[in-house]
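Comments concern the structure below.
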Amino acid sequence: MAYTDIYKNLVEAGLSLARAKRLKRVCVGIHYTMVEIERGGVGLAYTFLQEVKKCCELRNEITFWKSSADMVVKGYLSGNPIEEVIGLATINAVFNHKKDFLKDAIPGDVFSEIKLNSKDEILMIGYFEPLFKKLEGKVEKIWVIDKPLEETSLKISDISDKIKLAIITSSTLVNKTLHSVLENLESVPEILLIGPTTPLNPEVFRFTPITWLCGSIVRDPELLFRMVCEGKGATSFFKSGVLEKINIRVKK
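So in full-length UniProt numbering, spot 55 of the sequence shown is number 55, and the numbers just go up one at a time.
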């Protein structure tokens, strides 16, 4: 099955919540991009710094400060890396402000909900060092792909039959590689989309093999904005308490 509609579906779901809202402030940091909505939510998206630096500078008439949130959401499909990352952070901001999406969220470590045994094999798309160290020794093997699929000799299709659980970085939504990963994981029992970029809207992912959205909510927008401006990343965000991990089950 093709999952290329994920990106368009994110925009459509974001547009319905973004109308009549304006951006309060934006920061494209070296690790994460942050968007805050006036009287609304706060969202993050991973900054692919090399791609942002390589792209053309935005025209003067393109601005995000106090911009209409729905127009910024549309930028996620623009093809310009800066507009795309700000667009996704805006989508996450409007989702994070929707309490209906969060009503069944489970805070903390998702592995309190998922049972693994010593014979299980895990696939990790994107290297999460703390998570790797937590699971190492508790399962048979952890396969790691930490670079673009076309640059690795390990083919997901070769190992998908023996994988019990797959952990996918939500930064795959920024560079729009998630669909190609999912196409090879349809037989995997548990698939986690993980990281601060994760959109907390289970409806968008119901038609995919993803079983858990493991994202975060912002506890201190002011401090988070300062930390993004200072070039800090996810480890610092969680350590300082500005982000809280939450997990949403995507019902099948």
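Using N, Cα and C, we set each Cβ at its ideal position, and we do this for glycine too. Remember, predicted model here, so these are calculated numbers, not experimental data.
Complete alpha helix (DSSP H) runs within the UniProt domain "DUF4213" (17 to 94) (minimum length 4 residues, chain order):
49 to 54 and 69 to 74
In chain order, which alpha helix (DSSP H) runs of at least 4 residues are fully inside the UniProt domain "Putative heavy-metal chelation" (110 to 242)?
129 to 135, 156 to 159, 178 to 182, 221 to 229 and 234 to 240
Just to confirm, are C27 and V228 a CB contact at a threshold of 8 angstroms?
Within the sequence shown, numbered from 1, the residue matching residue 27 stands at position 27. Within the sequence shown, numbered from 1, the residue matching residue 228 stands at position 228. Contact flag set, yes.
Whole-Å CB distance - A18 paired with V94, under 8 angstroms assumed
For the purposes of this step, residue 18 is taken as residue 18 along the sequence shown, with counting starting at 1. For the purposes of this step, residue 94 is taken as residue 94 along the sequence shown, with counting starting at 1. With 8 angstroms as the limit, A18 and V94 qualify as a contact, their Cβ atoms being about 5 angstroms apart.
Anyone know if the C-beta pair for S170 and G195 falls short of 8 angstroms?
As a first step, residue 170 is located in the sequence shown; it is residue number 170 there, counting from the start. As a first step, residue 195 is located in the sequence shown; it is residue number 195 there, counting from the start. It is a contact, given that the beta carbons lie within the stated cut-off.
Please classify K245: does DSSP put it in a helix, a strand, or coil?
As a working note, residue 245 is residue 245 in the sequence shown. It is a strand residue.
Got a sec? Which residues, its chain only, sit under 6 angstroms from L192 by beta carbon, not counting five neighbours each side?
Indexing the sequence shown from 1 puts residue 192 at position 192. Correct list, in chain order: I167, W212 and C214.
Buried or exposed: which applies to P209, given that a residue is buried once 16 or more other Cβ atoms fall within 10 Å of its Cβ?
Reading the sequence shown from its first residue, position 209 is the one you call residue 209. Buried is the call here.
In angstroms with no decimal places, state the Cα-to-Cα distance between G108 and L185.
Stepping through the sequence shown from its first residue, residue 108 is reached at position 108. Stepping through the sequence shown from its first residue, residue 185 is reached at position 185. Going by the C-alpha atoms only, they are around 25 angstroms apart.
Which same chain residues, not among the five before or five after A105, have their C-beta less than 7 angstroms away from its C-beta?
Along the sequence shown, one-based indexing puts residue 105 at 105. Excluding sequence neighbours, A105 sits near I246, N247 and I248.
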